[in-house]
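All remarks here apply to the structure that follows.
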Amino acid sequence: MKYRAISLIFFTGALIFTPISAYVSVPLLLSAFIFLLISRYKITLNLLDKMQLALMGAVFLATIFAVYKGHSLLCSVVFIGYILSYFLARSLLNDEKSVIKIVSWLSYTTLMISIIGIVQYFTKFNLVIKDVPVIVLKGERISSICYNPLILSSYLAFLLPIFVAFFIKGYKRVLLGATICLGLVAFSFTVSRGPTIGLIVSITVLIYLLARRKLIAVILPIALIVMCFLFTPLRTRFIKTVDPS
Numbered sequence: 000m001k002y003r004a005i006s007l008i009f010f011t012g013a014l015i016f017t018p019i020s021a022y023v024s025v026p027l028l029l030s031a032f033i034f035l036l037i038s039r040y041k042i043t044l045n046l047l048d049k050m051q052l053a054l055m056g057a058v059f060l061a062t063i064f065a066v067y068k069g070h071s072l073l074c075s076v077v078f079i080g081y082i083l084s085y086f087l088a089r090s091l092l093n094d095e096k097s098v099i100k101i102v103s104w105l106s107y108t109t110l111m112i113s114i115i116g117i118v119q120y121f122t123k124f125n126l127v128i129k130d131v132p133v134i135v136l137k138g139e140r141i142s143s144i145c146y147n148p149l150i151l152s153s154y155l156a157f158l159l160p161i162f163v164a165f166f167i168k169g170y171k172r173v174l175l176g177a178t179i180c181l182g183l184v185a186f187s188f189t190v191s192r193g194p195t196i197g198l199i200v201s202i203t204v205l206i207y208l209l210a211r212r213k214l215i216a217v218i219l220p221i222a223l224i225v226m227c228f229l230f231t232p233l234r235t236r237f238i239k240t241v242d243p244s
């Protein structure tokens, strides 16, 4: 149990550092996986697990034949992080207490990142330390401490529906409520098309699963889409998708 607890700590740290740097999160994931193996946890592979491993093999095979092998290798490292996250989550998050603990830590991190991004939007500041960009403002799009607006928006699009689900279930409503509200504000300031579509799809599925009246599951996503198009910068970017001129 001691080694499993240490593994969970490393795993939590890796998830917290995910939007900041893969060079930090991947070593933490490797450490978490090593401690999981030391704990003598028996890993059994089902069909989905084998498909994940096959996909990882395909990624490395693609790297060998890639034109830009350096870039492809970096993508492979990130994919290793994904695979490790999958197996660690499957092995460690098998009780409600562990899940709540990780969701709480992620909400604190998301809240901090969102606040930094919102302040960045209104103050228009960049932060570079010894040629290392820590906080970057690209045009009118915020990135907080994630370097790129797409990284920030993708991170928020992935986590916000999870926070909404736990909020509806009644867990830590003050913390999650604040995180959801500020996270949505920061998300809108990234002005990202792809993650916006992903967030709408996620919220649509979530509402459909949780709503007692299925009509609400149709009305609310439509309202969300209308709200997105009322936001001028985002509407402009969507229009450029079909009309580059």
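Residue numbers for the sequence shown, in numbering that gives the first Met the number 0: 0 to 244.
Note that the Cβ used here is the ideal one computed from N, Cα and C, for glycine as well.
Because the structure is a prediction, the values reported are computed rather than measured.
### Message
So within the stretch 12 to 60, which uninterrupted beta strand (DSSP E) runs reach at least 3 residues, ignoring any that extend past its ends?
### Response
none
### Task
State the CB to CB distance for the pair serine 24 and glycine 80, rounded to an integer number of angstroms; the pair is presumed to be in contact (CB under 8 Å).
6 Å
### Message
Could you pull the DSSP bridge partners for isoleucine 134 from this structure?
### Response
Leu126
### Message
I'd like the list of long-range same chain contacts for methionine 50, defined as Cβ closer than 7 Å, with 5 residues on each side in sequence excluded.
### Response
Same-chain partners within the cutoff: there are none.
### Rounded distance between the beta-carbons of alanine 156 and serine 201, thought under 8 Å
7 Å
### Query
Can you give the Cα-Cα distance for leucine 174 and leucine 110, rounded to whole angstroms?
Separation of leucine 174 and leucine 110 (C-alpha to C-alpha, rounded to the nearest whole angstrom) is 9 Å.
### Message
Taking DSSP's pairing of strands, which residues face arginine 140 in a bridge?
### Response
Lys137
### Query
Of the residues Glu139, Ala53, Ala88 and Phe32, which one's Cα is nearest the Cα of threonine 235?
Glu139
### Message
For isoleucine 33 and serine 6, I'd like the C-alpha separation in whole angstroms.
### Response
8 Å
#### Entry: Of the residues Leu126, Ile82, Leu105 and Lys168, the one placed nearest serine 143, counting alpha carbons only
That would be Leu126, whose Cα lies nearest to the Cα of serine 143.
### Task
Out of Leu27, Ser75, Ser90 and Leu54, point me to the one whose CA is closest to isoleucine 42's CA.
It is Ser90 whose Cα lies nearest to the Cα of isoleucine 42.
### Task
Could you pull the start and end residues of the alpha helix (DSSP H) that phenylalanine 162 belongs to?
148 to 167
### Rounded separation between isoleucine 218 and leucine 27 - CA only
Straight-line Cα distance between these residues: approximately 42 Å.
### Among Leu223, Lys100, Ile63 and Leu46, the one whose alpha carbon lies nearest that of leucine 183
Leu223
### Query
Which of helix, strand or coil does DSSP assign to leucine 175?
helix
### tyrosine 170 (DSSP reduced to helix, strand or coil)
coil
### Query
Are the beta-carbon atoms belonging to serine 152 and serine 191 less than 7 Å from one another?
Cβ atoms of serine 152 and serine 191: closer than 7 Å.
### Query
Where does leucine 159 land, buried or exposed, given buried means 16+ other C-beta within 10 angstroms?
buried
### Own chain partners of tyrosine 85 with C-beta closer than 7 Å, once the 5 adjacent residues on each side are dropped
Gln51
### Message
Does serine 201 come out as helix, strand or coil in the three-state DSSP assignment?
### Response
helix
### Message
What would DSSP say about cysteine 180, mapped onto helix, strand or coil?
### Response
helix
### Query
Of the residues Leu92, Ile37 and Gln119, which one's Cα is nearest the Cα of alanine 185?
Gln119
### Message
Using only CA atoms, which one of Ser103, Tyr146 and Lys123 lies nearest to aspartate 130?
### Response
Tyr146
### Query
Got a sec? Which residues, its chain only, sit under 8 Å from phenylalanine 59 by beta carbon, not counting five neighbours each side?
Ser75
### Task
Could you check the C-alpha separation between valine 250 and proline 18 for me, to the nearest Å?
Coverage of the chain is limited to positions 0 through 244, which leaves residue 250 absent and any answer about it impossible.
### Message
Quick check on the burial criterion: 16 or more other C-beta atoms within 10 angstroms. Buried or exposed for glycine 193?
### Response
exposed
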